[in-house]
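Structure first, then comments.
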Amino acid sequence: MLNNKYKVAIVGGAGHIGLPLSCFISSHGNDVIIIDTDTDKLKKLSENIIPFKDDGLQEYLKIANKNNIKFSDNIDEINNYELIIITLGTSSSKGDLNKFQTLMSQVLENINKNSRIILRSTITNETIEFTLNNKNFKEKNIKLAYCPERIAEGSSLKELKELPQIIGTQDGIEDKYFLLFFKSLGIKTLTTDFKNAVFLKLFTNSYRYSQFTLINEFSNIAEENQLDFEKIIDLATLDYPRLKNIPSKGFVGGPCLIKDTETFRIEYSEDSQFLNSLRKINTTFMTNILNKCNEIFIDKKLIQLGLTFKPNSDDLRDSLSLELYFNLKKMGFDIYPIDENVSQDSVEFELYDFEDVSKLTNNVLISTFHTSFKNLDLSGKKVFTVGNK
Ligand SMILES: NC(=O)c1ccc[n+]([C@@H]2O[C@H](COP(=O)([O-])OP(=O)(O)OC[C@H]3O[C@@H](n4cnc5c(N)ncnc54)[C@H](O)[C@@H]3O)[C@@H](O)[C@H]2O)c1
28 MLNNKYKVAI
38 VGGAGHIGLP
48 LSCFISSHGN
58 DVIIIDTDTD
68 KLKKLSENII
78 PFKDDGLQEY
88 LKIANKNNIK
98 FSDNIDEINN
108 YELIIITLGT
118 SSSKGDLNKF
128 QTLMSQVLEN
138 INKNSRIILR
148 STITNETIEF
158 TLNNKNFKEK
168 NIKLAYCPER
178 IAEGSSLKEL
188 KELPQIIGTQ
198 DGIEDKYFLL
208 FFKSLGIKTL
218 TTDFKNAVFL
228 KLFTNSYRYS
238 QFTLINEFSN
248 IAEENQLDFE
258 KIIDLATLDY
268 PRLKNIPSKG
278 FVGGPCLIKD
288 TETFRIEYSE
298 DSQFLNSLRK
308 INTTFMTNIL
318 NKCNEIFIDK
328 KLIQLGLTFK
338 PNSDDLRDSL
348 SLELYFNLKK
358 MGFDIYPIDE
368 NVSQDSVEFE
378 LYDFEDVSKL
388 TNNVLISTFH
398 TSFKNLDLSG
408 KKVFTVGNK
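In my numbering, the protein residues as written are 28 to 416.
Written out as structure tokens, the structure is:
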């Protein structure tokens with residue numbers, strides 16, 4: 028630390044988690060370097076071009092560039108920094124785990140003595156063990172904290188300030204350095220041990236996935252019984268406080284919930300019938316949507332609104348709306364996909380404007396409900412909405 032400023036290297040710092048975090052840390056006057064293998068993204072970032080949507084990110088990136096944030100694809104750079112934050116993408120697959128561990132070995136090879144590492148990616152106990160048992164980790168007297176990211180994608184810069192930061196350490200005792208670092212960013216901290224922190228992070232997303240899946244299961248059951256679930260939900264929830272926070276039915280995709288639930292299952296309860304049933308319920312939900320499209324649209328031409336994994340996002344990773352597009356194609360549907368958040372070069376099929384195709388068909392399928400769709404004139408159309416998530 029120099030003049031109360033931290034020297035921070037963020038590895039995987041051009042990604043969805045790393046970039047807002049890097050800009051946020053830089054905005055507090057710290058010396059920050061983003062280390063990432065995606066050199067295209069790094070070049071664009073240095074020109075103030077953001078690679079994905081996140082509220083306020085554009086402004087934060089401009090400030091970061093003014094503050095002289097640095098970019099590099101060279102991991103060796105970490106030896107100029109005292110705090111290394113790892114924000115690489117992870118999943119429950121063995122391949123990703125190996126990649127992550129290879130990177131950790133490189134980091135520990137290059138890191139200076141007495142440095143600190145924050146693991147920010149969603150990880151398992153195995154990765155922590157792997158790090159703690161590394162020869163360099165011990166010899167160089169490195170201190171480790173697992174500080175999981177819990178933000179909702181798209182709201183990073185707001186939630187970075189608002190959510191308390193879980194700090195997992197080996198003994199669960201507050202480590203002054205990590206505590207002061209987050210304090211300097213104005214972030215409240217909560218300390219626990221590694222094992223609790225790993226469980227907490229995976230449980231949080233698994234619980235959310237379960238909640239969203241539960242409502243889809245009731246929707247599936249209503250469907251089997253030829254009942255109008257939306258109508259029932261409207262009646263059940265109106266002025267009824269005990270169902271106030273019920274989620275809406277809809278697709279549950281994206282880069283976190285499915286993968287974290289799978290990781291949780293493998294890590295803690297591989298044979299859990301409940302956890303094993305979740306994916307199946309969502310597969311049935313998809314099948315019901317496909318059957319419904321066959322049933323309610325008089326011909327096989329339709330406009331599909333929304334492709335991203337959740338409303339108002341530009342993220343197509345593990346998007347079930349995108350999967351729906353491909354499933355409908357296989358069933359012979361002729362589709363005009365529309366999503367203003369998605370750039371043409373990120374998909375291999377043609378995207379359309381509503382005005383250009385509105386006259387070609389009256390069939391409209393809303394798969395991801397972006398707020399802007401509320402302004403479309405859908406009068407006279409046969410509209411089927413998958414859900415409101
Ligand atoms: N996306 C979310 O909203 C969210 C929320 C909470 C937690 N997480 C977790 O955060 C982690 C990161 O997710 P993400 O969405 O930011 O992923 P991402 O794919 O957007 O970002 C990962 C970045 O790492 C870079 N990278 C890959 N290999 C590298 C290497 N060897 N060296 C340096 N850089 C490398 C990639 O180029 C990319 O920019 C995951 O573990 C995820 O589960 C994500």
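Don't be surprised by glycine CBs; every beta carbon is placed ideally from N, CA and C.
Keep in mind it's a predicted model, so treat the numbers as computed, not measured.
First and last residue of the uninterrupted beta strand (DSSP E) at residue i
i    : result
N390 : 390-393
D220 : 216-220
I323 : Note, I323: premise wrong, no beta strand (DSSP E); alpha helix (DSSP H) at 300-323.
V410 : 409-412
L171 : 170-173
T196 : 192-196
L146 : 143-146
Terminal residues of the alpha helix (DSSP H) in which residue i lies
i    : result
Y204 : 203-211
D361 : Careful: D361 lies outside any alpha helix (DSSP H), inside the beta strand (DSSP E) at 361-365.
Q85  : 84-93
Q295 : Checking the sequence, you will find Tyr at residue 295 rather than Gln. Segment 284-295, the alpha helix (DSSP H) holding Y295.
S385 : Here S385 belongs to no alpha helix (DSSP H), and DSSP marks it neither H nor E.
Y260 : Per the sequence shown, residue 260 should be read as Ile rather than Tyr. Taken as a continuous stretch (DSSP letters only), the alpha helix (DSSP H) holding I260 covers 256-264.
S399 : Note, S399: premise wrong, no alpha helix (DSSP H); not H, not E.
F51  : 45-54
I155 : 152-159
F164 : 162-166
K188 : 183-189
According to DSSP, residues forming a beta bridge with residue i
i    : result
S99  : I62
V35  : V59, L110
L329 : I362
Inter-residue CB distance, residue i and residue j (contact presumed, cutoff 8 angstroms)
i    : j    : result
K140 : K167 : 5 angstroms
D82  : K185 : 6 angstroms
G280 : F226 : About 24 angstroms separates the two Cβ atoms, so there is no contact after all.
V38  : L130 : 7 angstroms
N291 : L229 : It should be noted that the sequence gives Phe, not Asn, for residue 291. Going by Cβ atoms, the distance from F291 to L229 rounds to 4 angstroms, so yes, they are a contact pair.
K285 : D345 : The amino acid occupying residue 285 in the given sequence is Ile; Lys does not appear at that position. Contact flag correct, Cβ pair sits at about 6 angstroms.
N389 : K408 : 5 angstroms
D380 : I365 : 7 angstroms
P191 : T216 : 7 angstroms
S348 : L329 : At roughly 13 angstroms, the Cβ-Cβ gap does not stay under 8 angstroms, so S348 and L329 are not in contact.
L212 : F51  : 7 angstroms
T196 : T218 : 7 angstroms
L351 : I316 : 6 angstroms
Y236 : T151 : With 8 angstroms as the limit, Y236 and T151 do not qualify as a contact, their Cβ atoms being about 17 angstroms apart.
L88  : N107 : Not really, about 22 angstroms apart at Cβ, beyond 8 angstroms.
F221 : Y295 : Contact flag wrong, Cβ pair sits at about 14 angstroms.
L135 : F157 : Wrong, their Cβ atoms sit about 10 angstroms apart, outside the cutoff.
Beta carbon proximity, residue i to chain C, threshold 9 angstroms
i    : result
S182 : Among the chains in the structure shown there is no chain C, since it carries only a single protein chain.
Residue i beta carbon near ligand 3 (any heavy atom closer than 8 angstroms)
i    : result
R177 : Ligand 3 is not part of this structure, which contains only ligand 1.
Taking contact to mean 3 or more Cβ pairs, one atom from each stretch, closer than 8 angstroms, check whether the segment 99-115 and the segment 132-146 are in contact.
yes
Please give me, in chain order, every unbroken run of the beta strand (DSSP E) with length at least 3 that falls completely inside the segment 105-129.
110-113
Give, in chain order, every unbroken run of the beta strand (DSSP E) that is at least 3 residues long and sits entirely within the segment 333-362.
none
Contact the segment 226-241 vs the segment 353-362: 3+ CB pairs below 8 angstroms
no
Evaluate the contact criterion for the segment 270-285 versus the segment 194-208: three or more CB pairs, one atom per stretch, below 8 angstroms.
no
Quick check: the segment 94-101 against the segment 116-124, are at least 3 beta-carbon pairs closer than 8 angstroms?
no
The segment 40-51 in contact with the segment 59-74 per 3-pair CB rule at 8 angstroms:
yes
Contact between the segment 46-60 and the segment 84-93 is defined here as three or more beta-carbon pairs at a separation below 8 angstroms; is this criterion met?
yes
Would you check if the segment 300-315 and the segment 246-256 touch, i.e. whether three or more CB-CB distances between them fall below 8 angstroms?
yes
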